[in-house]
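One structure is given below, encoded as structure tokens.
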Amino acid sequence: MFKPQAIYYEKDIENYPLGKELLEKYKYIPKVEIESHNSIKEMQQQDNKEFINMKKNLIIGVRKTHKFVENHKVSDYLVPYTSSGCIAACMYCYLVCNYNKCAYLRLFVNREKMLDKIIKTAEKSERNLTFEIGSNSDLILENTITGNLIWTIENFKNTKNGMLTFPTKFDMVDDILPLDHKGKVIVRMSVNPEEIINRVEFGTSRLKRKNRSNK
Ligand code: SF4
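Here it is as structure tokens:
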């Protein structure tokens, strides 16, 4: 179970049910109020060598950008969803190129607005669109903190058109396996040989974990 060193949070999260839930869950963890999850001076001023230490923190805010980006690989759209960044530290992670040392895990509590936009876009479409919701983070990991995947699948499964997809390098899938998603969710698992996992995929699930209760 991930126990953050500190919580950096936007005051506005108190106005969202998930925000309240997370503040209660982490009530004994030291907190720092921030203006914006996008610009945390204290983090920006850290040396690059602090990269791993910074990932021990959890940042919680409200997502302001909801623009879908067209994509022609595994989906029709890349969708900004409930998290960005990660607590793991794969050496090739593309989030480091995007966020540099600030590739720590950020959670966004306004999930209703994000899912509502996906559902409306799907229902307006004449064809079955696929939405990539995990291009900026790892939702299996995030789900162990927020339960957002369970919430998402429950609230999306009856949408007329549309599929959701996301990739993962984690094995904490027990919570979502029993869910009836009505064939509308595609989970893409990334599994490398043990040597690669051990050498470059730091902090992700191991190939031969005996006990999967990583919560
Ligand atoms: S698990 Fe995915 S998001 Fe996390 S560090 Fe590795 S590549 Fe990046």
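The numbering used here numbers the first residue of the sequence shown as 1116 and each following residue consecutively.
All C-beta atoms in this analysis are idealised placements derived from N, C-alpha and C, irrespective of residue type, glycine included.
The C-beta distance from Glu1269 to Thr1197 rounds to 14 Å, too long to fall under 8 Å, and the pair is not in contact. Given a length threshold of 3 residues, each whole run of the beta strand (DSSP E) inside the segment 1264–1303 is given here in chain order: 1278–1283. If you draw a straight line from the Cα of Gln1159 to the Cα of Gly1298, it is about 42 Å long.
Leaving aside the five residues that flank Val1306 on each side, none in its chain has a CB nearer than 6 Å to its CB. The C-beta distance from Val1224 to Tyr1141 rounds to 13 Å, too long to meet the 8 Å contact threshold.
DSSP, read as helix, strand or coil, puts Cys1205 in strand.
Ranked by Cα distance from Asp1191, the options Asn1313, Arg1242, Tyr1123, Thr1319 are led by Arg1242. For the 8 Å CB-CB criterion, Gly1277 and Phe1246 form a contact. Comparing C-alpha distances from Gly1200 to each of Pro1119, Phe1183, Asn1168, Leu1210 shows the shortest one belongs to Leu1210. In the assembly as shown, Pro1195 is a buried residue. Its beta-carbon has 16 or more other beta-carbons within 10 Å. Beta-bridge annotation (DSSP): Ile1175 is paired with Tyr1124, Leu1222. Here the C-alpha atom of Tyr1207 lies approximately 8 Å from the C-alpha atom of Val1315.
Distance from the Cα of Phe1285 is smallest, within the candidate group Ile1174, Ser1151, Ala1203, Glu1157, for Ala1203.
By the neighbour-count criterion, in which a residue is buried when 16 or more other Cβ atoms sit within 10 angstroms of its Cβ, Pro1119 is buried.
In the DSSP assignment, Tyr1214 forms no beta bridge with any residue. According to the DSSP assignment, Thr1261 belongs to the alpha helix (DSSP H) that extends over 1254–1261. Your pair Leu1294 and Ile1265 checks out as a contact, with CB atoms roughly 7 Å apart and the cut at 8 Å.
Looking at the DSSP output, Tyr1192 sits in a beta bridge with Glu1185, Phe1246. With 16 or more other CB atoms across the displayed protein chains lying within 10 angstroms of its CB, Lys1170 is buried.
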